[in-house]
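Let me begin by presenting the structure, written as structure tokens, before commenting on it.
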Amino acid sequence: DAGVIQSPRHEVTEMGQEVTLRCKPISGHNSLFWYRQTMMRGLELLIYFNNNVPIDDSGMPEDRFSAKMPNASFSTLKIQPSEPRDSAVYFCASSLANYGYTFGSGTRLTVV
Amino acid sequence: GDSVTQMEGPVTLSEEAFLTINCTYTATGYPSLFWYVQYPGEGLQLLLKATKADDKGSNKGFEATYRKETTSFHLEKGSVQVSDSAVYFCALTHQAGTALIFGKGTTLSVSS
Chain Y
1023 DAGVIQSPRH EVTEMGQEVT LRCKPISGHN SLFWYRQTMM RGLELLIYFN
1073 NNVPIDDSGM PEDRFSAKMP NASFSTLKIQ PSEPRDSAVY FCASSLANYG
1123 YTFGSGTRLT VV
Chain R
44 GDSVTQMEGP VTLSEEAFLT INCTYTATGY PSLFWYVQYP GEGLQLLLKA
94 TKADDKGSNK GFEATYRKET TSFHLEKGSV QVSDSAVYFC ALTHQAGTAL
144 IFGKGTTLSV SS
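Same order as they appear, the protein sequences are chains Y and R.
Quick note on the numbering used here: the first sequence kicks off at 1023 and runs consecutively.
Quick note on the numbering used here: the second sequence kicks off at 44 and runs consecutively.
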């Protein structure tokens, strides 16, 4: 199993540009989570899906952030427009009902 | 709401020293408890878990016991190695398939 696959690994973009982060969960997992990690705030849950349906998006910082899961094998997190304070490592994780949470390697986003 | 509190780091130890990283939680009911480890530049990996009171999770020489009476899940290892240097996260969830709530992480540095 290839694990949770995130792309890109690194993204550098200019303020105001649109950024799209991608995640492929483990096949058969029915829950998908997006987290953001910063030094100041640690790991924050942004949004999670069960069976492709968004369940809790209360952690999405503002309307500039949006997430979709069009099918069981793909999810995107979009930031439009991006701002320097969005710089962080974004992690995707997937799980099955047996508490088997698996994290991807993350996308390091730098907004200049 | 639910929360996890970890001891502040960094923790600096010599090889073969005893390790304790404290973790306490605030939650209703009986959450499941986890320790995750993050090596530099990587995602989070599950280290161990416990799903009910008095359970002991163990893996790679690390142990933690779910103490309901003290709402704690302290991580211990009898003899640390340089390769254990990483960031350790305590986390909880109430139900499989719901989001993990993380502590802020504790950095462990082991020197030879």
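Backbone N, C-alpha and C fix where the C-beta goes; we use that ideal spot for every residue, glycine too.
query, result
"8 angstroms is my cut-off, CB to CB: does Y/Y1112 come that close to chain R?", "no"
"By Cβ distance, which residues of its chain are closer than 6 angstroms to Y/S1029, with the 5 residues on each side in sequence left out?", "R1044"
"Taking the alpha-carbon of Y/M1061 as reference, which of Y/R1086, Y/A1110, Y/T1124, Y/G1050 has the nearest alpha-carbon?", "Y/A1110"
"Can you give me, in chain order, the residues of the segment 46–73 of chain R that have a beta carbon less than 7 angstroms from any beta carbon in chain Y?", "none"
"Determine the chain Y residues that contact R/K111 at a beta-carbon separation under 8 angstroms, and present them in chain order.", "Within 8 angstroms Cβ-Cβ: nothing; R/K111 doesn't reach chain Y, min ~18 angstroms."
"Quick one, which residues of the segment 130–143 of chain R are near chain Y if we go by CB-CB under 8 angstroms, in chain order?", "F132, T136, A139, G140, T141, A142, L143"
"For a contact meaning CB atoms closer than 8 angstroms, what does R/G148 contact in chain Y?", "G1064, L1065"
"Which residues, taken in chain order from the segment 86–99 of chain R, show a beta carbon closer than 8 angstroms to some beta carbon of chain Y?", "G86, L87, Q88, L89, K92, T94"
"Between the segment 115–128 of chain R and the segment 56–67 of chain R, can you find at least three pairs of beta-carbon atoms closer than 8 angstroms?", "yes"
"Beta-carbon of Y/S1127 versus every beta-carbon of chain R: anything under 8 angstroms?", "yes"
"Alpha carbon to alpha carbon, what distance is there between Y/F1113 and Y/V1133?", "17 angstroms"
"Since R/G100 is in the beta strand (DSSP E), which residue starts that stretch and which ends it?", "99–102"
"Starting from Y/A1162, trace the beta strand (DSSP E) in both directions and tell me its first and last residue.", "Because chain Y is modelled from 1023 through 1134, residue 1162 of chain Y falls outside the range shown and cannot be assessed."
"Per the DSSP calculation, Y/G1064 is bridged to which residue(s)?", "Y/T1060"
"Measuring straight from C-alpha to C-alpha, what distance separates R/K165 and R/E119?", "Beyond the ends of chain R as shown, which are 44 and 155, falls residue 165 of chain R; an answer cannot be given."
"Step through the CB atoms of chain Y and report whether any lies within less than 8 angstroms of the CB of R/F145.", "yes"
"Tell me, please, which residues DSSP counts as bridged to Y/Q1028.", "Y/C1045"
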